[in-house]
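Contents: one structure, followed by commentary.
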Amino acid sequence: MNRNHATRFVRAAVAAALCLALGRPYWHSGPAERADLRRWWPDWKDPRMWRIGLMQGGCGTIYFGANAFIPDYLHAIGQPDLVGACLGALNAGQLPASFLILLFAGRLAGRKKPVVAVGLLAFVGIACLLSEVPWVMIAGATLDGFAAGFILILTLALPPLLAAPDDVHRLSAGSYTIGYAGSFLLPLLGGVVVDATDIVATAFLPVAAGGALVLLIAATMPPRAAAAA
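Laid out in structure tokens, this is it:
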């Protein structure tokens, strides 16, 4: 065994020893506790998980789709000088969303009306991006960034509201898996549509689909999600 292998072996042994010393070994638990320790895999039949995941996928598509296709669109319409301004606005738009939720977290968390209202802003943002008027396009990118950030933060707050304390991790893990899978697939389909039609504006169709998905799922939520817990 060379020095590198020996070093790696020692590090792994130390890490394992720390886990055993600081953790709660599975074999020292009773039957009921062992059953609880096995409750880590998401319940894929849980409709709450799919609602949250699809909303996360929708708002992720708004952001990632706009982030991916704004440069191509601006180059296609002969306004490449706006790429930096629009992408900067898209990302900066998430900051006021964060501050707004920080100030009014108690009033916003778990409520569907704010999600529906902000979800509609995504469509306004897309319309502004297609206007080809520079300042309007920058404003549209800002609106899409605000909508994506606002909805994402509120959906991240839903698992603790909807699940029991010992089940939040399963609901969160499953919804994140669904959400990020959707955030990857929908923009990818946008690229496929652009290649098939050679119309660069069609790349924003997934962004619109993400907004529609958010609105559809939000409309099925109870007036306050905490009531479903």
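Numbering (the numbering used here), first residue to last: 4 to 232.
Ideal Cβ positions, reconstructed from N, Cα and C, are used throughout, including at glycine.
Quick one: grab the DSSP three-state call for residue 114. Strand at residue 114.
Separation of residue 141 from residue 90, as counted between CA atoms: Straight through space, the alpha carbons of residue 141 and residue 90 are spaced by roughly 8 Å.
Determine the direct distance from the alpha carbon of residue 213 to that of residue 200, and round the result to whole angstroms. Cα-Cα distance, rounded: 20 Å.
Tell me the residue span of the alpha helix (DSSP H) that contains residue 147. Counting along the chain, the alpha helix (DSSP H) containing residue 147 begins and ends at 137-159.
Are residue 81 and residue 217 closer than 8 Å when you measure CB to CB? The Cβ-Cβ distance between residue 81 and residue 217 does not fall below 8 Å.
Excluding the five sequence neighbours on either side, which residues of its own chain have a C-beta within less than 6 Å of the C-beta of residue 151, listed in chain order? Counting only Cβ-Cβ distances below 6 Å, and skipping sequence neighbours, we find 62, 65, 66.
Proximal residues to residue 3 (C-beta, below 6 Å), its chain only, five neighbours per side dropped: Nothing about residue 3 can be read from this structure; the chain reaches only from 4 to 232.
Out of 130, 162, 78, which one is the CA nearest neighbour of residue 208? Considering only alpha carbons, the answer is 130.
Going by beta carbon distance, what residues of the same chain come within less than 6 Å of residue 215, once the five residues before and after it are set aside? Non-local C-beta neighbours of residue 215 in its own chain, meaning closer than 6 Å and more than five positions away in sequence, are absent.
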